[in-house]
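Peer 1: Below is the structure I would like to discuss, written out as structure tokens.
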């Protein structure tokens, strides 16, 4: 059974850093395209970042230069390093598996972890 | 970026009645080489992550009840729930994956029971 479990969220001051984790089971993270998608409280879905199976990474303009997606193949875990956090980064962060390239819809989602950026 | 616009923002439907949600893209998401529409629909219940319902605009994901159907092509798409059940109360999102950087979602449509 495919499962994605995020952790690492919390309350952080503006300008601070946080690293989110997404532990996967039931499939191999490094063999798939993975993504982070966020959802501001009471709002819609916003794509944040991709990491392709070959390791290529992409970011939304809103987080480029501040966020870094990565993975640890030995732990089958996806990460999102978030630096220089802003109030507008407050959201639930979901990790999600891309169905397959080039069909970039998301077939499995984690429950999400809440990041609150506030002083 | 391709902008996805859903309508209405919310709707209330009686149990057993039909619910219809529209999604319009700012440019066509039909890929001419394979004649496929790069459009997916998701259901998100309160406190839960989104769940994939439909991809390629009209293909139901495994396990999704057949009361859910998707239609449309090019820039105009529809998600229909043929006979609304209480468990269908949720927010529904469309997503285009024709342009992957970025993929974009509609703003969501909240479905409630009248």
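Protein chains in written order, with the numbering used here: chain E, 164 to 282; chain C, 378 to 491.
Yeah, the Cβ is synthetic: ideal placement off N, Cα and C, and Gly gets one too.
None of the values given here were measured: they were computed from a predicted structure.
#1: Quick one: what's residue 489 of chain C bridged to in DSSP?
#2: I'd like the list of long-range same chain contacts for residue 481 of chain C, defined as Cβ closer than 8 Å, with 5 residues on each side in sequence excluded.
#3: Please decide whether residue 230 of chain E counts as near chain C, where near means a Cβ-Cβ distance under 8 Å.
#4: For residue 191 of chain E, which residues of its own chain have a beta-carbon under 7 Å away from its beta-carbon, when the five flanking residues on both sides are left out?
#5: Specify the secondary structure class of residue 186 of chain E as computed by DSSP and reduced to three states.
#6: What residues of chain E sit near residue 397 of chain C, judged by a beta carbon separation below 9 Å?
#7: Taking only three categories from DSSP, how would you classify residue 192 of chain E?
#8: Apart from the five residues just before and just after residue 193 of chain E, which ones in its own chain have a Cβ nearer than 7 Å to its Cβ?
#9: Go ahead and pull the three-state DSSP assignment for residue 203 of chain E.
#10: The beta strand (DSSP E) that contains residue 209 of chain E, what's its start and end?
#11: Given a cut-off of 8 Å, decide if residue 164 of chain E and residue 257 of chain E are closer than it, judged by their beta-carbon atoms.
Peer 2: In brief:
#1: DSSP output for residue 489 of chain C lists C:389 as bridge partner(s).
#2: 378, 379, 380, 381, 472, 473
#3: For residue 230 of chain E, no CB of chain C lies under 8 Å from its own CB, so it is not counted at the interface with that chain.
#4: 239
#5: strand
#6: Ordered by position in chain E, no residue passes the 9 Å Cβ test against residue 397 of chain C, which lies about 20 Å from the chain.
#7: helix
#8: So the list reads 216, 234, 236, once near-sequence residues are dropped.
#9: Residue state, collapsed to three classes: coil.
#10: It spans 208-214 - the beta strand (DSSP E) in which residue 209 of chain E sits, taken as one unbroken run.
#11: Not in contact: residue 257 of chain E and residue 164 of chain E (Cβ atoms no closer than 8 Å).
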